[in-house]
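Numbering (the UniProt record's numbering), first residue to last: 1 to 143.
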(Lines of atoms letter the chains of each structure in order from A and count residues from 1; the text may use other names and numbers.)
(Lines give C-alpha, C1' and ligand atoms only; values in the text may rest on other atoms or scores of the structure.)
Protein backbone atom coordinates (compact mmCIF):
# COMPACT_ATOMS: atom_id res chain seq x y z
CA UNK A 1 0.00 0.00 0.00
CA UNK A 2 1.37 3.40 -0.99
CA UNK A 3 1.38 6.08 1.69
CA UNK A 4 2.65 9.63 2.18
CA UNK A 5 4.19 10.34 5.58
CA UNK A 6 4.58 13.99 6.64
CA UNK A 7 6.78 15.11 9.54
CA UNK A 8 6.25 18.79 10.40
CA UNK A 9 7.14 18.63 14.10
CA UNK A 10 10.08 21.03 13.74
CA UNK A 11 9.72 24.56 12.39
CA UNK A 12 13.09 24.41 10.63
CA UNK A 13 12.09 21.74 8.12
CA UNK A 14 9.25 19.74 6.65
CA UNK A 15 9.86 16.11 5.68
CA UNK A 16 7.68 14.17 3.26
CA UNK A 17 8.32 10.46 2.67
CA UNK A 18 6.58 8.32 0.06
CA UNK A 19 6.52 4.63 0.98
CA UNK A 20 5.17 1.51 -0.67
CA UNK A 21 4.63 -1.01 2.10
CA UNK A 22 7.92 -0.93 4.01
CA UNK A 23 9.98 0.46 1.08
CA UNK A 24 10.87 4.17 0.90
CA UNK A 25 10.85 5.35 -2.72
CA UNK A 26 11.01 9.15 -2.33
CA UNK A 27 12.04 11.57 0.39
CA UNK A 28 11.73 15.36 0.20
CA UNK A 29 13.05 17.69 2.88
CA UNK A 30 11.97 21.31 2.64
CA UNK A 31 13.52 24.18 4.60
CA UNK A 32 12.07 27.71 4.74
CA UNK A 33 15.40 29.24 3.64
CA UNK A 34 15.88 26.78 0.77
CA UNK A 35 13.71 27.15 -2.33
CA UNK A 36 12.48 23.88 -3.87
CA UNK A 37 13.31 23.63 -7.56
CA UNK A 38 11.90 20.17 -8.23
CA UNK A 39 9.51 20.19 -11.22
CA UNK A 40 10.70 23.65 -12.33
CA UNK A 41 11.30 23.99 -16.08
CA UNK A 42 14.36 25.74 -17.54
CA UNK A 43 16.00 26.43 -20.87
CA UNK A 44 19.56 25.14 -20.56
CA UNK A 45 22.69 24.74 -22.61
CA UNK A 46 24.78 21.56 -22.79
CA UNK A 47 28.24 22.32 -21.41
CA UNK A 48 29.84 18.88 -21.32
CA UNK A 49 29.11 15.41 -22.65
CA UNK A 50 30.44 12.38 -20.75
CA UNK A 51 30.26 9.21 -22.88
CA UNK A 52 31.49 7.06 -19.97
CA UNK A 53 28.47 8.15 -17.88
CA UNK A 54 26.14 8.22 -20.90
CA UNK A 55 25.07 11.67 -19.75
CA UNK A 56 25.46 15.38 -20.37
CA UNK A 57 25.90 18.30 -18.01
CA UNK A 58 23.54 21.23 -18.55
CA UNK A 59 23.90 24.85 -17.44
CA UNK A 60 20.37 25.90 -16.53
CA UNK A 61 21.24 28.92 -14.37
CA UNK A 62 22.00 27.26 -11.03
CA UNK A 63 25.35 27.30 -9.24
CA UNK A 64 26.08 23.69 -10.25
CA UNK A 65 25.30 22.24 -13.64
CA UNK A 66 22.53 19.66 -13.89
CA UNK A 67 22.97 15.99 -14.83
CA UNK A 68 21.02 14.78 -17.89
CA UNK A 69 21.27 11.01 -18.52
CA UNK A 70 20.76 9.60 -22.02
CA UNK A 71 17.57 7.73 -21.01
CA UNK A 72 15.97 11.08 -20.06
CA UNK A 73 16.49 12.65 -23.51
CA UNK A 74 13.36 12.82 -25.69
CA UNK A 75 13.52 11.62 -29.32
CA UNK A 76 12.78 15.19 -30.44
CA UNK A 77 16.37 16.13 -29.53
CA UNK A 78 17.89 13.39 -31.70
CA UNK A 79 19.18 14.57 -35.11
CA UNK A 80 16.69 14.25 -37.99
CA UNK A 81 18.94 11.84 -39.90
CA UNK A 82 19.62 9.68 -36.81
CA UNK A 83 18.72 6.01 -37.14
CA UNK A 84 19.27 3.98 -33.99
CA UNK A 85 20.55 0.45 -34.46
CA UNK A 86 20.96 -0.90 -30.95
CA UNK A 87 21.92 1.40 -28.11
CA UNK A 88 22.40 5.09 -29.09
CA UNK A 89 25.66 6.91 -28.31
CA UNK A 90 25.19 10.22 -26.47
CA UNK A 91 27.87 11.88 -28.65
CA UNK A 92 25.70 11.13 -31.71
CA UNK A 93 22.55 12.50 -30.06
CA UNK A 94 23.70 15.76 -28.42
CA UNK A 95 26.43 18.34 -28.98
CA UNK A 96 28.03 20.89 -26.67
CA UNK A 97 26.34 24.29 -26.87
CA UNK A 98 22.97 22.78 -27.86
CA UNK A 99 19.99 24.33 -26.08
CA UNK A 100 17.48 22.03 -24.38
CA UNK A 101 14.31 22.47 -22.34
CA UNK A 102 14.74 20.57 -19.06
CA UNK A 103 12.75 19.89 -15.92
CA UNK A 104 14.32 19.18 -12.54
CA UNK A 105 13.67 15.55 -11.58
CA UNK A 106 15.69 15.49 -8.33
CA UNK A 107 17.03 18.36 -6.23
CA UNK A 108 20.73 19.11 -5.79
CA UNK A 109 22.26 17.02 -3.01
CA UNK A 110 25.63 17.66 -1.40
CA UNK A 111 28.14 18.51 -4.11
CA UNK A 112 26.05 16.96 -6.92
CA UNK A 113 23.92 18.95 -9.32
CA UNK A 114 20.24 18.36 -9.94
CA UNK A 115 19.03 15.39 -12.00
CA UNK A 116 17.27 16.64 -15.14
CA UNK A 117 14.87 15.28 -17.75
CA UNK A 118 13.61 16.48 -21.13
CA UNK A 119 10.29 14.65 -20.59
CA UNK A 120 8.40 17.70 -19.32
CA UNK A 121 5.20 17.25 -17.31
CA UNK A 122 2.81 19.97 -16.15
CA UNK A 123 0.30 18.92 -13.49
CA UNK A 124 -3.04 20.63 -13.02
CA UNK A 125 -6.13 19.85 -10.96
CA UNK A 126 -7.68 17.54 -13.54
CA UNK A 127 -4.92 16.92 -16.06
CA UNK A 128 -1.22 16.10 -16.36
CA UNK A 129 0.24 17.33 -19.64
CA UNK A 130 3.20 15.22 -20.79
CA UNK A 131 4.34 16.27 -24.28
CA UNK A 132 7.10 14.16 -25.98
CA UNK A 133 6.67 11.39 -23.45
CA UNK A 134 6.20 7.93 -25.00
CA UNK A 135 4.82 6.60 -21.69
CA UNK A 136 1.99 9.18 -21.64
CA UNK A 137 -1.51 8.56 -22.89
CA UNK A 138 -3.38 7.02 -19.99
CA UNK A 139 -6.56 8.28 -18.38
CA UNK A 140 -6.84 8.76 -14.63
CA UNK A 141 -9.45 6.74 -12.74
CA UNK A 142 -9.96 9.61 -10.29
CA UNK A 143 -11.51 12.03 -12.78
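Positions of the beta carbon are idealized from the N, C-alpha and C atoms, including for glycine. Source: prediction; values computed, not measured.
Any idea which residues DSSP pairs residue i with across the strands?
{"i": "residue 69", "result": "55"}
{"i": "residue 4", "result": "18"}
{"i": "residue 23", "result": "20"}
{"i": "residue 103", "result": "41, 117"}
{"i": "residue 122", "result": "129"}
Just to check my reading of the structure: residue i and residue j have Cβ atoms closer than 8 angstroms, yes? What is that Cβ distance to the nearest angstrom?
{"i": "residue 80", "j": "residue 69", "result": "The Cβ separation is near 23 angstroms, so there is no contact."}
{"i": "residue 96", "j": "residue 49", "result": "6 angstroms"}
{"i": "residue 40", "j": "residue 76", "result": "So it is not a contact: roughly 20 angstroms between Cβ atoms."}
Using DSSP with H/G/I as helix, E/B as strand and the rest coil, what is residue i?
{"i": "residue 76", "result": "helix"}
{"i": "residue 164", "result": "Since the first residue of the chain shown is 1 and the last is 143, residue 164 is not available in this structure."}
{"i": "residue 97", "result": "coil"}
{"i": "residue 82", "result": "coil"}
{"i": "residue 30", "result": "strand"}
{"i": "residue 109", "result": "strand"}
{"i": "residue 47", "result": "strand"}
Please go through the same chain and pick out, in chain order, the residues whose beta-carbon is closer than 6 angstroms to the beta-carbon of residue i, but skip the five residues on each side of it.
{"i": "residue 113", "result": "64, 65, 66, 67"}
{"i": "residue 38", "result": "104, 107"}
{"i": "residue 117", "result": "72, 103, 105"}
{"i": "residue 129", "result": "122"}
{"i": "residue 19", "result": "3"}
{"i": "residue 7", "result": "15"}
{"i": "residue 145", "result": "Nothing can be reported for residue 145, as the shown portion of the chain is limited to 1 through 143."}
Which residues in the same chain have their Cβ closer than 8 angstroms to the Cβ of residue i, if we skip the five residues on either side of it in sequence?
{"i": "residue 36", "result": "28, 30, 107"}
{"i": "residue 93", "result": "70, 73, 77, 78, 79, 82"}
Cutting at 7 angstroms between CB atoms, please list the residues of its own chain near residue i, excluding the five before and the five after it.
{"i": "residue 91", "result": "49, 51"}
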